[in-house]
Every structure is written in structure tokens, then in C-alpha cells.
Amino acid sequence: MFKMKINEALKQKLDEVAEIAGYIWQKGWAERNAGNISINVTDIIGDENKSLPALSRYPLPRDMKELAGNCFFVTGTLKLMRNVGKNPLKNGSFVRVAPDGSSYDVIGPENIKPTSELPSHFSIHVFLKKKNSSKKVVLHTHPTELTALSHVIEFKDEKRLNEMLWKMHPEVFIVVPRGLGMVPYEVPGTLELADLTVKALENHDFAVWEKHGVLGVGEELVEIFDLLDTLNKSAIMYGYVKACGHQPEGLTQAQLDGLIKPFNIKL
Ligand code: 13P
Ligand code: ZN
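Numbering of the sequence shown is given in the numbering used here, commencing with residue 390 and proceeding in unit increments.
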């Protein structure tokens, strides 16, 4: 029987997953099984792999016709990010959505059940497909400082949170000028959380899941990680200054405005 063949393009993606999962663990963003990754690999998985038999089949939480026949690499539920870093194929699997968009099959190489956050991941992939977006990667993780800020009542206001993050570090305004979307608390793994996240991604590439974590989309996993790392740096510095008993001065509006032209920032 034909076994899954990991071609060069898939190997590159898996190497990237391993590298970034390792960083996420080192950053302390991945306690126990925290966080998950999905990548749309339909264009690179290869025809033979696409027709592999199902190792298991799961219903989708709702009709996702837009993903019919699409294939994804998805990290497994309850798998540890530090182990994804060591061996993605023992801690995640490739899955294929059924032609009618009502279910999906795990096609290997091992029979690993995907993340409990699949409703959010797949709803976002539907959203990205509808927009004809070149973004194919979704990362959910628990960056400590940024997540902690979502417990601060003042920062439940998206505008205030973004302004604070931009003012703490010019780099944040330069690389994430659209800021983060704020998603009010919902039970993890639900369609309610998925729908609110998709709404937030209409205007942003990142969403804070209140009192839980952060989710980002992009073309490459490394790019999402680096931007989240930059956003989290602002949260860390805010916390340091506050812990020293001071109110951070922050960049002034004029200083922020002064970045727009030299860095060609598109708002
Ligand atoms: P999974 O182990 O199912 O991926 O869940 C981890 C998580 O972070 C849930 O939000
Ligand atoms: Zn989580």
C-alpha cells in the first residue's frame, strides 16, 4: 500500500513547524499542551498523498464546503509543543476535508487526532479562502504577558490595548500597524470562539483571546511568531515599568506619526 511520502516542500514546512514550536516552548508560551498550529498544504502535499486512505474520520462542526478536498498539517490535541519541536509527525498529522465539506479524514503518517481548536483553525481557513488570501498558516499560543494584559479591564478595549502596545515600542507600530483584535472570552474549542475570531481577523492578522491566549495568521509560521514576539515585547516592557511603580511615558502621538513616512506604514 502507498505510504505517505514527505516531499521536499512538506519537509521544509515540517522543519519550520519544529523550529518554531521549539521557540514557543523556550519562550514559555506553551505550558503543557498549550497552543496549536495548522497549515494549508493542499498545493504541496502531492497527488498521491491526497488520495491516501483515511486512518480515522471526524465530522466538522458545520458545513465547510470551501475547504472540500483541501489538506492540512495540524498539531494533535493534548500534544506538547516541546514535543512538536522534536518531531512534528509524531505530534501532528495531515488531514483531508471530504468533498462535501461535512467531515475530514486523518491521512497520516500516524493516526493523531487534531487540536481541539480545529473549529477556529478551519473557520479561519474558510475565511482566508473566501478572501483569496495567500495566508495559509494559523498559530494559536499563550504568550504570558500579552495574555495577562487581557485580564486588565482597561485593555479589554481594543483601541486602548493597541495604543498602549504601539506606544511601548516603535517596532510594534512599524511591524503591526493594524494592531490586534480583541475577542471576548469564550469557551475554548467552540464555534462561538471561532466566529468571534474570524470577525476580529477582518481588520487584523492577530486576535487576543481574552483570558486565554493569542491567535495569528500569516504566509509563514516564522513570520507570525516574530510578530507575536514583538507584540509581546511591548507587553513585557509595560509590565516592567508598572512593576517598578511607574506609569510608562510611552511614545507620544507625534513620535508615532513620525514613523509613518520613513517606514512607509500603511494604516
Ligand atoms: P489542544 O491540545 O487541543 O491543541 O489545545 C490546546 C489549547 O491551547 C486550547 O486552547
Ligand atoms: Zn489555548
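Backbone N, C-alpha and C define an ideal beta-carbon position, used for all residues, glycine too.
Simplified DSSP state of residue i, which is helix, strand or coil
| i | result |
| --- | --- |
| Asn425 | strand |
| His531 | coil |
| Met453 | coil |
| Arg446 | strand |
| Ile434 | coil |
| Thr536 | helix |
| Arg471 | helix |
| Pro651 | coil |
| Pro372 | This structure cannot speak to residue 372, because the chain is shown only from 390 to 656. |
| Ile563 | helix |
Burial state of residue i (16 or more Cβ within 10 Å)
| i | result |
| --- | --- |
| Cys460 | buried |
| Ile542 | exposed |
| Glu506 | buried |
| Ala643 | exposed |
| Arg485 | buried |
| Tyr493 | buried |
| Pro442 | exposed |
| His514 | buried |
| His510 | buried |
| Phe391 | exposed |
| Pro384 | Since the first and last residues shown for the chain are 390 and 656, residue 384 lies out of range. |
| Ser482 | buried |
Sequence-distant residues of the same chain with beta carbon closer than 8 Å to residue i, five excluded per side
| i | result |
| --- | --- |
| Ile625 | Glu534 |
| Glu581 | Glu575 |
| Ile563 | Leu648, Phe652 and Ile654 |
Sequence-distant residues of the same chain with beta carbon closer than 7 Å to residue i, five excluded per side
| i | result |
| --- | --- |
| Tyr412 | Phe614 |
Close-in-space but distant-in-sequence residues of the same chain around residue i (CB under 6 Å, 5 per side omitted)
| i | result |
| --- | --- |
| Lys556 | Gly639 and Leu640 |
| Arg567 | His593 |
| Leu478 | Pro498 |
Integer-rounded CB distance, given that residue j should sit under 8 Å from residue i
| i | j | result |
| --- | --- | --- |
| Phe462 | Ile428 | 5 Å |
| Thr530 | Ala423 | 7 Å |
beta-carbon residue i near the ligand ZN non-hydrogen atom, thresh 8 Å
| i | result |
| --- | --- |
| Trp598 | yes |
For review: beta carbons within less than 7 Å of any heavy atom in the ligand GTP: This structure simply doesn't include the ligand GTP; it includes the ligand 13P and the ligand ZN instead.
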